[in-house]
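**Q** Sending over a structure as structure tokens; questions will come in a sec.
Residue numbers (the UniProt record's numbering): 1 to 556.
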């Protein structure tokens with residue numbers, strides 16, 4: 001009870017609300033701008049929160065995490081471009097709804113079910129986190145912790161790349177980066193090459209900002225093309241009626257169940273959950289033929305599923321110390337800098353902080369829902385912001401945020417170097433997630449492996465290595481082998497995208513057919529795609545007058 005009161009009392013400080021409002025605005029803007037991910041935003045903000053108190057810093061980072069989950073639906077629905085990877089599935093039915101003049105309804109349903117998904121996931125965290133942490137504290141020793149880290153990295157490798165070899169190479173690269181610096185057991189310096197800045201290891205925040213921020217910026221600079229697509233300006237009706245709410249109820253339940261389950265799997269993010277939730281809701285629907293054509297059930301299922309992963313990833317992060325997604329990996333790095341170690345001991349040493357985390361996410365969800373239900377014509381205008389202005393702002397904040405972590409230019413150089421590395425990884429289609437996870441968890445795995453190897457000669461094998469460790473290692477092997485086998489059985493052309501790797505073939509065919517049918521309908525909104533180079537109304541009128549004048553002269 002004391003921990004509950006202390007955690008809630010820490011949220012009554014007015015500064016916490018102010019920091020949450022900052023995170024709310026940043027999160028919505030991050031979600032609304034395609035190409036800027038929540039991971040990039042949280043990594044950037046982490047550099048500015050190092051000097052804050054832990055609760056204040058978490059208020060900023062967690063609110064960005066939650067708000068981005070609402071804001072990213074705006075470009076997915078209005079311009080068919082996911083704001084973040086978590087909203088990939090939203091485009092399947094959200095954009096067709098917008099073309100039918102129901103963009104406002106799609107945005108409202110998306111906001112409501114996103115809030116339902118996050119609130120359900122917080123209930124899951126409140127119920128499951130303490131038992132999981134207690135179990136881990138009682139039964140997880142060095143062998144089990146090593147096996148758990150291997151399992152987390154293997155899951156990330158298995159789901160983040162179509163090529164298993166590229167995923168494994170990314171994980172090994174991350175583990176290699178984690179070995180740079182001073183080895184705690186012997187105080188030996190490894191791979192420092194006499195560089196003083198590498199004695200304490202590679203700066204985690206600089207690597208994160210480089211791989212997810214600078215790399216994305218450089219990639220957009222290299223691949224930028226003038227866009228001829230403008231967001232739909234006619235948003236139509238906003239509020240769903242009773243029949244539409246009832247229709248989306250089953251899809252919301254199905255998507256929520258999928259999201260809660262997927263969220264508990266380390267490294268499985270909202271993009272995967274959204275696609276699986278959409279697929280399961282289509283099979284459970286009374287009108288599966290409407291999916292892909294602007295089905296309100298499709299929007300409800302995909303957004304509930306992707307949002308419901310937040311609590312699951314928070315559970316694995318706080319209870320086990322294994323990040324549930326790349327955002328939580330940044331969160332762990334920030335908490336370690338604050339002197340807080342996520343894992344089973346967190347619930348014993350800082351139970352008040354756990355309460356504060358739940359309270360922050362609860363308030364952030366309510367604030368994000370309230371902002372989402374405001375008619376977001378201002379958000380639509382944000383989509384027209386010229387890209388060069390956006391890139392300039394991102395670069396400045398990346399440099400300032402990275403420099404603020406250590407007050408050293410070498411950290412900025414590290415960020416830029418990993419930005420270039422990140423672009424190369426993108427070009428070679430090598431995932432960055434396993435790199436980050438290897439860097440973060442590599443030292444933990446090495447430390448527990450060293451302890452296990454030191455104990456093994458003195459005691460029987462099965463007395464040291466428990467069945468839990470063996471099961472986790474077996475699951476780690478299966479998580480790499482099974483996706484590789486499944487991918488090998490598919491034609492190479494069907495491994496090209498995330499949708500193709502998760503959705504069934506008949507679902508992909510239905511989506512393509514539905515979108516083709518919509519494109520052939522002449523009565524859809526013409527403002528969906530407007531050519532920037534097309535003549536204006538005044539020019540068209542002038543051209544028409546010239547044509548009529550010419551024809552009259554010809555008749556004479």
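The beta-carbon is built from N, C-alpha and C at its ideal position, and this holds for glycine as well.
When burial is assigned at 16 or more other CB atoms within 10 Å of the CB, is residue 325 buried or exposed?
**A** The residue in question, residue 325, is buried, as its Cβ has 16 or more Cβ neighbours within 10 Å.
**Q** Determine the closest residue to residue 12 out of 356, 474, 366, with distance taken between C-alpha atoms.
**A** Minimum Cα distance to residue 12 is reached at 356.
**Q** With a cut-off of 8 Å on the beta carbons, I'd call residue 307 and residue 69 a contact; round off their distance for me.
**A** About 6 Å; that satisfies the 8 Å criterion.
**Q** First and last residue of the alpha helix (DSSP H) that includes residue 24?
**A** Here the alpha helix (DSSP H) through residue 24 covers 14 to 32.
**Q** Please state whether DSSP places residue 247 in a helix, a strand or coil.
**A** Helix.
**Q** Just to check my reading of the structure: residue 38 and residue 30 have Cβ atoms closer than 8 Å, yes? What is that Cβ distance to the nearest angstrom?
**A** Indeed, because the Cβ distance is near 6 Å, the residues count as touching under 8 Å.
**Q** So is residue 168 in contact with chain C if we call contact Cβ pairs under 8 Å?
**A** Considering every chain present, this structure includes no chain C. It has just one protein chain.
**Q** With DSSP collapsed to three states, give me the class of residue 190.
**A** It is a strand residue.
**Q** To test your reading of the DSSP string, which unbroken alpha helix (DSSP H) runs of 4 or more residues are found completely within the region 153 to 186?
**A** Fully enclosed alpha helix (DSSP H) runs of 4 or longer: 164 to 178.
**Q** Expressed to the nearest angstrom, what Euclidean distance is found between the alpha-carbon atoms of residue 177 and residue 297?
**A** Between residue 177 and residue 297, the C-alpha separation is close to 44 Å.
**Q** Suppose you measure from the CA of residue 373 to the CA of residue 214; what does that come to, to the nearest Å?
**A** Looking at the two C-alpha atoms, the distance is approximately 33 Å.
**Q** Rounded to whole angstroms, what's the CA-CA distance from residue 526 to residue 80? Just pull it up for me.
**A** Only weak support exists for where residue 526 lies, its pLDDT of 40 falling under 50; the value from the coordinates is given anyway. Each residue's alpha carbon lies about 15 Å from the other.
**Q** Excluding five sequence neighbours on each side, which residues of the same chain lie with their C-beta closer than 7 Å to the C-beta of residue 183?
**A** Around residue 183: 190.
**Q** Taking its Cβ as the centre, do 16 or more other Cβ atoms sit within 10 Å of residue 393, making it buried, or is it exposed?
**A** Label assigned to residue 393: exposed.
**Q** State buried or exposed for residue 463, treating a residue as buried only when at least 16 other CB atoms are found within 10 Å of its CB.
**A** By the neighbour-count rule (16 or more Cβ atoms within 10 Å), residue 463 is not buried but exposed.
**Q** Tell me whether the beta-carbon of residue 61 lies closer than 8 Å to the beta-carbon of residue 313.
**A** Taking 8 Å as the Cβ cut-off, residue 61 and residue 313 do not qualify as a contacting pair.
**Q** So residue 50 is in the alpha helix (DSSP H); what residue range does that whole segment cover?
**A** Counting along the chain, residue 50 falls outside any alpha helix (DSSP H), and DSSP gives it neither H nor E.
**Q** Taking only three categories from DSSP, how would you classify residue 200?
**A** Coil at residue 200, not helix or strand.
**Q** In the DSSP assignment, find the alpha helix (DSSP H) that holds residue 119 and state where it starts and stops.
**A** 103 to 139 is the extent of the alpha helix (DSSP H) around residue 119.
**Q** Excluding sequence positions up to five away, which residues of its chain have a Cβ less than 8 Å from the Cβ of residue 534?
**A** Per-residue confidence for residue 534 stands at a pLDDT of 38, beneath the threshold of 50, marking its modelled position as unreliable; the derived number appears in the next sentence. Hits under 8 Å: none found.
**Q** Along the chain, which unbroken stretches of the alpha helix (DSSP H) at least 4 residues long are found entirely within the region 296 to 347?
**A** Taking only runs of at least 4 residues, the alpha helix (DSSP H) segments lying wholly in the region 296 to 347 are 296 to 307, 309 to 320, 326 to 337.
**Q** Going by DSSP in three states, residue 11 sits in which element: helix, strand or coil?
**A** In the structure shown, residue 11 sits in coil (DSSP, three-state: anything other than H, G, I, E or B).
**Q** Just the Cα atoms here: how many angstroms apart are residue 112 and residue 131?
**A** The alpha-carbon atoms of residue 112 and residue 131 are separated by roughly 30 Å.
**Q** With DSSP as the reference, label residue 282 as helix, strand or coil.
**A** DSSP places residue 282 in helix when its eight states are reduced to three.
**Q** Counting C-beta neighbours from all protein chains within 10 Å, is the total for residue 90 16 or more, i.e. buried, or is it exposed?
**A** So residue 90 counts as buried.
**Q** Measuring straight from C-alpha to C-alpha, what distance separates residue 104 and residue 239?
**A** About 8 Å.
**Q** What's the gap between the Cα of residue 107 and the Cα of residue 72?
**A** The alpha-carbon atoms of residue 107 and residue 72 are separated by roughly 11 Å.
**Q** Taking Cβ to Cβ, would you say residue 32 is nearer than 8 Å to residue 212?
**A** No, the pair does not count as a contact, with Cβ atoms beyond the cut-off.
**Q** Taking 8 Å as the threshold (C-beta atoms), are residue 315 and residue 328 in contact?
**A** No.
**Q** Could you name the residues of the same chain whose beta carbon sits closer than 8 Å to that of residue 20, not counting the 5 residues immediately before and after it, in chain order?
**A** Closer than 8 Å at Cβ, skipping near neighbours: 59, 60, 63, 360, 363, 364, 367.
**Q** Output the boundary residues of the alpha helix (DSSP H) element that contains residue 212.
**A** Premise fails: residue 212 is in no alpha helix (DSSP H) and is neither H nor E.
**Q** Would residue 116 and residue 348 qualify as a contact pair, given that the criterion is a beta-carbon distance under 8 Å?
**A** For residue 116 and residue 348, no; Cβs fall outside 8 Å.
**Q** Do residue 299 and residue 109 have their C-beta atoms within less than 8 Å of each other?
**A** A contact, by the Cβ cut-off of 8 Å.
**Q** How would you label residue 322, buried or exposed, when you count the other beta carbons within 10 angstroms and need 16 or more for buried?
**A** Under this definition residue 322 is a buried residue.
**Q** Between 75, 43, 55, which lies nearest to residue 65 when the distance is taken from Cα to Cα?
**A** Selected option, being the one with the closest Cα: 43.
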